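Below you'll find the structure, written out as C-alpha coordinates, and then a few comments.
Residue numbers (this note's numbering): 10 to 293.
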(Lines of atoms letter the chains of each structure in order from A and count residues from 1; the text may use other names and numbers.)
(Lines give C-alpha, C1' and ligand atoms only; values in the text may rest on other atoms or scores of the structure.)
Protein backbone atom coordinates (compact mmCIF):
# COMPACT_ATOMS: atom_id res chain seq x y z
CA UNK A 1 0.00 0.00 0.00
CA UNK A 2 1.45 3.36 -1.06
CA UNK A 3 1.82 5.76 1.86
CA UNK A 4 0.75 9.40 1.68
CA UNK A 5 3.82 11.50 0.82
CA UNK A 6 2.91 15.13 0.23
CA UNK A 7 5.75 17.64 0.69
CA UNK A 8 5.66 19.40 4.05
CA UNK A 9 4.79 22.69 2.46
CA UNK A 10 1.72 24.84 1.80
CA UNK A 11 -0.64 24.14 -1.09
CA UNK A 12 -4.01 25.31 -2.35
CA UNK A 13 -7.13 23.85 -3.86
CA UNK A 14 -6.95 24.21 -7.65
CA UNK A 15 -9.65 26.28 -9.34
CA UNK A 16 -9.90 26.40 -13.17
CA UNK A 17 -10.21 30.20 -13.20
CA UNK A 18 -6.68 30.40 -11.79
CA UNK A 19 -5.08 28.11 -14.37
CA UNK A 20 -3.71 30.79 -16.70
CA UNK A 21 -2.00 32.63 -13.84
CA UNK A 22 -0.59 29.41 -12.40
CA UNK A 23 0.67 28.16 -15.74
CA UNK A 24 2.30 31.46 -16.68
CA UNK A 25 5.19 31.02 -14.24
CA UNK A 26 6.36 28.64 -11.48
CA UNK A 27 4.41 29.09 -8.26
CA UNK A 28 5.90 28.94 -4.74
CA UNK A 29 3.62 26.10 -3.67
CA UNK A 30 4.19 22.59 -2.45
CA UNK A 31 1.14 20.99 -4.05
CA UNK A 32 -2.34 21.41 -5.47
CA UNK A 33 -5.46 19.60 -4.29
CA UNK A 34 -8.52 18.74 -6.39
CA UNK A 35 -11.88 17.20 -5.60
CA UNK A 36 -12.01 13.73 -7.10
CA UNK A 37 -15.59 14.00 -8.31
CA UNK A 38 -14.70 16.93 -10.61
CA UNK A 39 -12.35 14.71 -12.63
CA UNK A 40 -14.26 11.46 -13.09
CA UNK A 41 -15.03 12.15 -16.74
CA UNK A 42 -12.87 10.63 -19.46
CA UNK A 43 -11.25 13.79 -20.80
CA UNK A 44 -11.82 17.36 -21.90
CA UNK A 45 -10.46 20.67 -20.54
CA UNK A 46 -10.52 19.60 -16.84
CA UNK A 47 -8.12 16.74 -17.52
CA UNK A 48 -5.98 18.82 -19.86
CA UNK A 49 -5.45 21.40 -17.11
CA UNK A 50 -4.85 18.82 -14.40
CA UNK A 51 -2.37 16.90 -16.53
CA UNK A 52 -0.44 20.13 -17.11
CA UNK A 53 -0.35 20.91 -13.38
CA UNK A 54 0.75 17.37 -12.60
CA UNK A 55 3.87 17.88 -14.67
CA UNK A 56 5.24 20.43 -12.18
CA UNK A 57 3.51 19.95 -8.83
CA UNK A 58 2.67 17.33 -6.24
CA UNK A 59 -1.03 16.41 -6.21
CA UNK A 60 -3.57 15.63 -3.52
CA UNK A 61 -6.91 14.12 -4.51
CA UNK A 62 -9.67 14.85 -2.00
CA UNK A 63 -12.90 12.87 -2.21
CA UNK A 64 -16.29 14.24 -1.21
CA UNK A 65 -18.63 11.50 -2.40
CA UNK A 66 -17.57 8.09 -1.08
CA UNK A 67 -19.94 8.33 1.91
CA UNK A 68 -17.46 6.54 4.17
CA UNK A 69 -19.75 6.81 7.19
CA UNK A 70 -22.93 5.45 5.57
CA UNK A 71 -24.34 2.16 6.83
CA UNK A 72 -25.01 0.97 3.27
CA UNK A 73 -22.20 -0.54 1.13
CA UNK A 74 -19.89 1.75 -0.78
CA UNK A 75 -20.90 2.59 -4.34
CA UNK A 76 -18.80 0.19 -6.39
CA UNK A 77 -19.01 2.25 -9.59
CA UNK A 78 -17.89 5.39 -7.76
CA UNK A 79 -14.96 3.52 -6.22
CA UNK A 80 -13.97 2.16 -9.64
CA UNK A 81 -13.98 5.68 -11.10
CA UNK A 82 -11.87 6.85 -8.18
CA UNK A 83 -9.34 4.09 -8.79
CA UNK A 84 -9.15 5.04 -12.48
CA UNK A 85 -8.46 8.65 -11.50
CA UNK A 86 -5.76 7.74 -8.98
CA UNK A 87 -4.11 5.32 -11.40
CA UNK A 88 -4.10 8.04 -14.05
CA UNK A 89 -2.46 10.79 -11.96
CA UNK A 90 -0.64 8.86 -9.20
CA UNK A 91 -1.32 11.52 -6.54
CA UNK A 92 0.93 11.87 -3.54
CA UNK A 93 -2.16 11.68 -1.32
CA UNK A 94 -5.82 10.66 -1.31
CA UNK A 95 -8.23 11.74 1.43
CA UNK A 96 -11.91 11.55 2.33
CA UNK A 97 -14.27 12.75 5.07
CA UNK A 98 -15.59 11.12 8.20
CA UNK A 99 -19.16 11.68 7.05
CA UNK A 100 -21.99 10.18 5.03
CA UNK A 101 -23.69 11.69 1.99
CA UNK A 102 -25.92 9.05 0.41
CA UNK A 103 -29.01 7.02 1.21
CA UNK A 104 -30.13 4.29 -1.11
CA UNK A 105 -29.66 5.69 -4.61
CA UNK A 106 -30.02 9.29 -3.45
CA UNK A 107 -26.89 11.43 -3.18
CA UNK A 108 -27.17 14.26 -0.66
CA UNK A 109 -25.07 17.30 -1.51
CA UNK A 110 -23.65 17.62 1.98
CA UNK A 111 -21.22 15.96 4.39
CA UNK A 112 -23.44 14.72 7.20
CA UNK A 113 -22.35 13.73 10.72
CA UNK A 114 -22.62 10.28 12.25
CA UNK A 115 -22.90 8.91 15.78
CA UNK A 116 -19.69 7.59 17.28
CA UNK A 117 -20.57 4.06 18.35
CA UNK A 118 -18.91 0.65 18.08
CA UNK A 119 -21.25 -0.22 15.21
CA UNK A 120 -20.31 2.93 13.29
CA UNK A 121 -16.63 2.39 14.04
CA UNK A 122 -16.70 -1.12 12.59
CA UNK A 123 -18.53 0.07 9.46
CA UNK A 124 -16.17 3.00 8.84
CA UNK A 125 -13.14 0.75 9.28
CA UNK A 126 -14.64 -1.80 6.87
CA UNK A 127 -15.20 0.90 4.26
CA UNK A 128 -11.69 2.30 4.63
CA UNK A 129 -10.20 -1.17 4.30
CA UNK A 130 -12.16 -1.60 1.05
CA UNK A 131 -10.99 1.77 -0.30
CA UNK A 132 -7.34 1.15 0.54
CA UNK A 133 -7.42 -2.37 -0.86
CA UNK A 134 -8.97 -1.11 -4.10
CA UNK A 135 -6.68 1.91 -4.53
CA UNK A 136 -3.55 0.14 -3.24
CA UNK A 137 -2.72 3.32 -1.37
CA UNK A 138 -3.19 4.82 2.06
CA UNK A 139 -6.26 6.97 2.62
CA UNK A 140 -6.35 9.98 4.92
CA UNK A 141 -9.54 10.47 6.95
CA UNK A 142 -10.64 14.04 7.75
CA UNK A 143 -12.28 15.17 10.99
CA UNK A 144 -15.66 16.85 10.36
CA UNK A 145 -17.10 20.30 11.03
CA UNK A 146 -20.27 19.54 12.99
CA UNK A 147 -23.34 21.44 14.09
CA UNK A 148 -24.98 18.82 16.33
CA UNK A 149 -24.04 15.92 18.60
CA UNK A 150 -25.74 12.53 18.88
CA UNK A 151 -27.08 11.30 22.23
CA UNK A 152 -26.22 7.74 21.21
CA UNK A 153 -22.51 8.47 20.74
CA UNK A 154 -20.39 6.45 23.17
CA UNK A 155 -16.92 7.25 21.81
CA UNK A 156 -15.19 10.62 21.80
CA UNK A 157 -14.41 11.86 18.26
CA UNK A 158 -10.64 11.94 18.78
CA UNK A 159 -10.68 8.40 20.19
CA UNK A 160 -12.89 7.28 17.28
CA UNK A 161 -10.41 8.65 14.74
CA UNK A 162 -7.46 7.14 16.60
CA UNK A 163 -9.06 3.70 16.65
CA UNK A 164 -10.07 3.84 12.97
CA UNK A 165 -6.48 4.70 12.09
CA UNK A 166 -5.12 1.91 14.30
CA UNK A 167 -7.44 -0.72 12.79
CA UNK A 168 -6.98 0.22 9.14
CA UNK A 169 -3.56 1.85 8.90
CA UNK A 170 -5.12 4.95 7.35
CA UNK A 171 -3.60 8.34 8.06
CA UNK A 172 -5.49 11.35 9.31
CA UNK A 173 -6.18 14.73 7.77
CA UNK A 174 -6.56 17.28 10.55
CA UNK A 175 -8.75 20.16 9.41
CA UNK A 176 -7.89 22.93 11.87
CA UNK A 177 -10.81 25.10 10.79
CA UNK A 178 -13.19 22.17 11.35
CA UNK A 179 -11.84 21.79 14.87
CA UNK A 180 -12.45 25.46 15.63
CA UNK A 181 -15.92 25.45 14.04
CA UNK A 182 -17.10 22.32 15.84
CA UNK A 183 -15.62 23.32 19.20
CA UNK A 184 -17.26 26.74 19.04
CA UNK A 185 -20.61 25.29 18.01
CA UNK A 186 -20.57 22.77 20.87
CA UNK A 187 -19.04 25.25 23.36
CA UNK A 188 -15.89 23.16 23.79
CA UNK A 189 -12.19 24.07 23.97
CA UNK A 190 -10.47 23.62 20.58
CA UNK A 191 -7.03 23.45 22.21
CA UNK A 192 -8.21 20.59 24.41
CA UNK A 193 -9.43 18.77 21.27
CA UNK A 194 -5.95 19.14 19.76
CA UNK A 195 -4.41 17.80 22.97
CA UNK A 196 -6.45 14.61 22.58
CA UNK A 197 -6.01 14.24 18.81
CA UNK A 198 -3.70 11.43 17.58
CA UNK A 199 -1.25 13.86 16.01
CA UNK A 200 1.27 11.12 15.23
CA UNK A 201 -1.16 9.88 12.56
CA UNK A 202 -1.61 13.26 10.83
CA UNK A 203 -0.24 13.46 7.27
CA UNK A 204 -2.00 16.64 6.07
CA UNK A 205 -3.56 19.76 7.57
CA UNK A 206 -6.40 21.88 6.19
CA UNK A 207 -7.06 25.56 6.75
CA UNK A 208 -10.09 27.50 5.56
CA UNK A 209 -12.46 30.33 6.28
CA UNK A 210 -15.76 30.21 8.12
CA UNK A 211 -18.64 32.59 8.69
CA UNK A 212 -19.93 33.71 12.09
CA UNK A 213 -23.61 33.76 12.97
CA UNK A 214 -25.79 32.83 15.94
CA UNK A 215 -28.31 30.06 16.54
CA UNK A 216 -31.93 30.47 17.63
CA UNK A 217 -30.86 30.71 21.26
CA UNK A 218 -28.37 33.45 20.55
CA UNK A 219 -25.26 31.29 20.92
CA UNK A 220 -22.35 31.57 18.44
CA UNK A 221 -22.78 29.36 15.37
CA UNK A 222 -19.94 28.96 12.91
CA UNK A 223 -20.44 27.65 9.36
CA UNK A 224 -17.60 25.93 7.53
CA UNK A 225 -18.15 28.03 4.42
CA UNK A 226 -14.71 28.10 2.71
CA UNK A 227 -15.51 31.54 1.32
CA UNK A 228 -13.28 33.90 3.34
CA UNK A 229 -9.65 34.20 4.39
CA UNK A 230 -8.49 32.01 7.26
CA UNK A 231 -9.73 33.57 10.51
CA UNK A 232 -7.22 34.76 13.13
CA UNK A 233 -8.23 32.20 15.80
CA UNK A 234 -7.71 29.41 13.26
CA UNK A 235 -4.22 30.71 12.45
CA UNK A 236 -3.46 30.68 16.18
CA UNK A 237 -4.75 27.10 16.53
CA UNK A 238 -2.68 26.11 13.49
CA UNK A 239 0.44 27.42 15.22
CA UNK A 240 -0.49 25.34 18.27
CA UNK A 241 -0.68 22.24 16.07
CA UNK A 242 2.64 22.95 14.35
CA UNK A 243 4.34 23.40 17.72
CA UNK A 244 3.36 19.79 18.43
CA UNK A 245 3.84 18.19 15.01
CA UNK A 246 6.49 20.21 13.24
CA UNK A 247 5.92 20.98 9.54
CA UNK A 248 3.05 19.07 7.91
CA UNK A 249 1.67 19.46 4.36
CA UNK A 250 -0.95 22.21 4.67
CA UNK A 251 -3.79 23.04 2.29
CA UNK A 252 -5.64 26.35 2.16
CA UNK A 253 -9.25 25.65 1.10
CA UNK A 254 -11.29 28.37 -0.61
CA UNK A 255 -14.21 26.83 -2.52
CA UNK A 256 -16.86 29.57 -2.67
CA UNK A 257 -16.65 33.25 -3.67
CA UNK A 258 -13.31 32.37 -5.23
CA UNK A 259 -10.81 35.25 -4.91
CA UNK A 260 -8.25 36.43 -7.45
CA UNK A 261 -5.19 34.20 -7.67
CA UNK A 262 -2.83 36.57 -5.77
CA UNK A 263 -5.20 36.55 -2.79
CA UNK A 264 -5.28 32.76 -2.55
CA UNK A 265 -1.54 32.52 -3.12
CA UNK A 266 -0.98 35.02 -0.30
CA UNK A 267 -3.01 32.83 2.08
CA UNK A 268 -0.76 29.90 1.19
CA UNK A 269 2.23 32.17 1.69
CA UNK A 270 1.06 32.97 5.22
CA UNK A 271 0.81 29.25 5.95
CA UNK A 272 4.26 28.67 4.47
CA UNK A 273 5.74 31.34 6.76
CA UNK A 274 4.43 29.44 9.79
CA UNK A 275 5.66 26.12 8.34
CA UNK A 276 9.13 27.62 7.87
CA UNK A 277 9.11 28.85 11.47
CA UNK A 278 8.11 25.39 12.68
CA UNK A 279 10.95 23.87 10.66
CA UNK A 280 13.42 26.37 12.12
CA UNK A 281 12.28 25.50 15.65
CA UNK A 282 12.79 21.81 14.95
CA UNK A 283 16.25 22.47 13.53
CA UNK A 284 17.20 24.50 16.60
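Glycine included, C-beta positions come from ideal geometry on N, C-alpha and C. For clarity, every value in this text was computed on a predicted model and none was experimentally measured.
*Exposed or buried, what is residue 281 when buried is set at 16 or more other beta-carbons lying within 10 Å of its beta-carbon?*
buried
*C-alpha distance - residue 226 paired with residue 12, whole-angstrom precision*: 45 Å
*Report the residue from 238, 79, 73 whose alpha carbon sits nearest the alpha carbon of residue 271.*
238
*Leaving out five residues before and five after residue 234 in sequence, what residues of the same chain have Cβ atoms less than 6 Å from its Cβ?*
219, 220
*Beta-bridge partners of residue 180, as assigned by DSSP*: The beta-bridge partner set that DSSP reports for residue 180 consists of 149.
*Who does residue 259 pair with in a DSSP beta bridge?*
19, 214
*Going by alpha carbons, who is nearest to residue 101 out of 292, 120, 39?*
Among 292, 120, 39, the Cα nearest to that of residue 101 belongs to 39.
*Roughly how far, in whole angstroms, is the beta-carbon of residue 151 from the beta-carbon of residue 204, given that I think they are within contact range, below 8 Å?*
With a Cβ gap of about 19 Å, residue 151 and residue 204 do not count as contacting.
*Going by CA-CA distance only, name the one from 229, 91, 139, 208 that's closest to residue 156.*
229
*Using a threshold of 8 Å, state whether the C-beta atoms of residue 129 and residue 72 are closer than that.*
The answer is no: Cβ separation not under 8 Å.
*Could you tell me the boundaries of the alpha helix (DSSP H) in which residue 323 lies?*
In the structure as shown, the chain starts at 10 and stops at 293, and residue 323 therefore has no counterpart that could be examined.
*Check residue 67 in the structure and name its three-state DSSP category.*
strand
*Just how far apart, CA to CA, sit residue 253 and residue 86?*
Between residue 253 and residue 86, the C-alpha separation is close to 40 Å.
_With a threshold of 7 Å on Cβ separation, who are the neighbours of residue 136 within its own chain once the five nearest residues in sequence on each side are excluded?_
77, 83
_Which residues DSSP lists as bridging residue 30, in chain order_ = Per DSSP, none; premise fails for residue 30.
*C-alpha distance - residue 27 paired with residue 200, whole-angstrom precision*: 35 Å
*Quick one: what does DSSP say residue 83 is sitting in, helix, strand or coil?*
coil
*Starting from residue 142 and walking both ways along the beta strand (DSSP E), at which residues does that stretch end?*
Where residue 142 is concerned, there is no enclosing beta strand (DSSP E), although the alpha helix (DSSP H) it sits in stretches over 127-144.
*Might you give, ordered along the chain, the residues of its own chain that have their beta carbon closer than 6 Å to the beta carbon of residue 217, omitting 5 neighbours on each side?*
186, 235, 262
*At what residues does the alpha helix (DSSP H) containing residue 276 begin and finish?*
270-292
*Does the separation of the CB atoms of residue 167 and residue 206 fall below 8 Å?*
yes
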